[in-house]
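Right, one structure below, let's go through it.
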């Protein structure tokens with residue numbers, strides 16, 4: 063998975079794979095409203111921490127930089143103190159990051175005061191796959207006689223991680239998401255004070271994933287549609303897995319994205335947009351059109367069957 067997504071010819075290291083013209087649209091790419099809400103949260107967090115200077119804000123897995131652009135556009139009160147960093151492993155994506163932003167391949171060293179945000183990052187981190195066959199066995203990747211990749215089951219796990227159910231239906235599958243848990247730990251260790259915010263599609267338990275058809279939680283995407291088996295066409299499709307919450311350090315708060323956005327003022331921003339549009343509809347300019355779009359953007363971001371159902375986990379330091 064690491065090679066297929068992040069290797070020299072991987073999905074995310076190839077030019078133009080992610081984003082509006084790629085294979086999916088993330089919340090920042092719906093429009094600037096998401097970033098405006100995040101900017102409001104950053105202001106509140108900056109004040110909670112005593113207005114530190116510098117106030118470091120990291121967008122991890124930033125892609126082409128849509129979220130940091132929207133934060134810049136929103137001009138939060140903490141802007142003068144803010145050190146804004148966009149992190150992405152892809153050199154081609156880093157080249158697209160806006161001016162005024164530090165562009166890094168990895169998380170910056172700590173400790174620092176601030177916020178680390180990871181939007182749809184953990185689901186793309188490499189994970190181990192286990193299959194139930196007289197016990198849980200890890201599925202390794204081998205090469206078949208025709209040169210194609212195949213699964214090869216290893217010995218029974220001993221000891222078996224406590225988050226895996228002791229028994230399951232033959233052929234049941236589950237992820238072991240060591241990389242996701244390690245990323246959260248690493249992010250938290252970098253903070254002297256502040257918050258780590260993870261936004262992703264999440265399952266409360268690993269056992270809950272194990273009882274579901276595995277293609278529901280282990281997904282591939284290619285050209286706006288569901289892709290092939292995860293071992294097929296490596297580097298040409300996205301590979302994602304729902305994040306098992308019980309494998310991560312326990313968050314301080316867990317909310318849906320809709321709840322989190324409402325808590326941090328999306329409703330007020332939409333009402334502001336409606337008022338501004340009503341005042342400028344006769345002679346609309348770019349700011350007026352942007353304000354009008356807040357209504358449709360909010361509908362997408364709050365959709366309970368879509369982005370609004372994503373989970374927001376917060377760890378505070």
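Residue numbers (this note's numbering): 63 to 379. Glycine is no exception: its CB is placed at the ideal position from the N, C-alpha and C atoms.
Limits of the unbroken beta strand (DSSP E) element including residue 283: Where residue 283 is concerned, the enclosing beta strand (DSSP E) stretches over 280-284.
By DSSP, does residue 220 sit in helix, in strand, or in coil? Residue state for residue 220 is assigned as coil, using DSSP reduced to three classes.
Residue ranges of each beta strand (DSSP E) within the segment 225-287, 3 or longer: For the segment 225-287, whole beta strand (DSSP E) runs of length 3 or above, ordered along the chain, are 235-238, 253-262, 280-284.
Nearest to residue 260 (by Cα), restricted to the options 177, 275, 170: The shortest CA-to-CA distance from residue 260 to any of 177, 275, 170 is the one to 177.
For residue 237 versus residue 189, is the C-beta distance shorter than 7 angstroms? The answer is yes: Cβ separation under 7 angstroms.
Classify residue 338 as helix, strand or coil using the three-state DSSP reduction. Assigned with DSSP and collapsed to three states, residue 338 falls in helix.
Euclidean distance between Cα positions of residue 360 and residue 105: Straight-line Cα distance between these residues: approximately 20 angstroms.
Which residue marks the beginning of the beta strand (DSSP E) containing residue 345, and which one marks its end? Residue 345 -> no beta strand (DSSP E), and no H or E assigned at all.
Contacts around residue 110, its chain only, beta-carbon distance under 7 angstroms, and the 5 residues preceding and following it disregarded: Result list for residue 110: empty, nothing under 7 angstroms.
Going along the chain, which residues of its own chain have a beta-carbon closer than 7 angstroms to the beta-carbon of residue 269, five neighbours each way excluded? Cβ neighbours of residue 269 beyond the five flanking positions: 227.
At 4 residues or longer, and completely inside the segment 137-170: list those alpha helix (DSSP H) runs for me, N to C. Here the runs fully enclosed are 153-156.
Buried versus exposed call for residue 83 [16 or more other C-beta atoms within 10 Å across all chains shown]: Only weak support exists for where residue 83 lies, its pLDDT of 41 falling under 50; the coordinates are left without a value.
Reducing DSSP to helix, strand and coil, say where residue 83 ends up. Here the model assigns residue 83 a pLDDT of 41, short of 50, so the residue's position is not dependable, and the following value carries that caveat. In this structure, DSSP gives residue 83 a state outside helix and strand, which the three-state scheme calls coil.
To the nearest angstrom, how far is the alpha carbon of residue 122 from that of residue 369? Using only the alpha carbons, I get a separation of about 19 angstroms.
Start-to-end residues for the beta strand (DSSP E) that takes in residue 107: That residue, residue 107, is in no beta strand (DSSP E); its alpha helix (DSSP H) goes 95-110.
Cβ shell of residue 266 (< 6 angstroms), same chain only, five flanking positions each side left out: If we look at residue 266 and ignore the five residues flanking it on each side, its Cβ neighbours are 307.
Proximity of residue 199 and residue 215 at Cβ, strictly below 7 angstroms: The answer is yes: Cβ separation under 7 angstroms.
How would you write the range of the beta strand (DSSP E) that residue 193 sits in, first residue to last? First-last of the beta strand (DSSP E) with residue 193: 190-194.
Measure the alpha-carbon distance for residue 248 versus residue 114 and round it to whole angstroms. Taking the CA atoms as reference points, residue 248 sits about 22 angstroms from residue 114.
With a threshold of 6 angstroms, establish whether the CB of residue 373 neighbours any heavy atom of the ligand COA. With respect to the ligand COA, the structure shown offers nothing to examine, as it has no ligands at all.
Measure the alpha-carbon distance for residue 202 versus residue 353 and round it to whole angstroms. Using only the alpha carbons, I get a separation of about 50 angstroms.
Boundaries of the beta strand (DSSP E) in which residue 91 is found, first to last residue: First-last for residue 91: 89-92, but that is the alpha helix (DSSP H), not the beta strand (DSSP E).
Can you list, in chain order, the stretches of the beta strand (DSSP E) that have 3 or more residues and sit fully within the segment 285-317? As far as the segment 285-317 is concerned, its whole beta strand (DSSP E) runs of at least 3 residues are 300-303.
Could you tell me which residues DSSP pairs with residue 181 in its beta bridges? Bridge partners of residue 181: 261.
Apart from the five residues on each side of it in sequence, which residues of its chain come closer than 6 angstroms, Cβ to Cβ, to residue 246? The residues 310, 311, in chain order, have a CB closer than 6 angstroms to that of residue 246 in the same chain once the five nearest residues on each side in sequence are set aside.
In angstroms, rounded to a whole number, what distance separates the CA positions of residue 251 and residue 340? Computed Cα separation, rounded: 47 angstroms.
On the three-state DSSP scale, how would you describe residue 215? Collapsing the DSSP output to three states places residue 215 in a strand.
Per-residue burial, residue 299 [other beta carbons within 10 Å of its own, 16 or more giving buried]: Burial is judged here by how many other beta carbons sit within 10 angstroms of a residue's own beta carbon; residue 299 has at least 16 and is buried.
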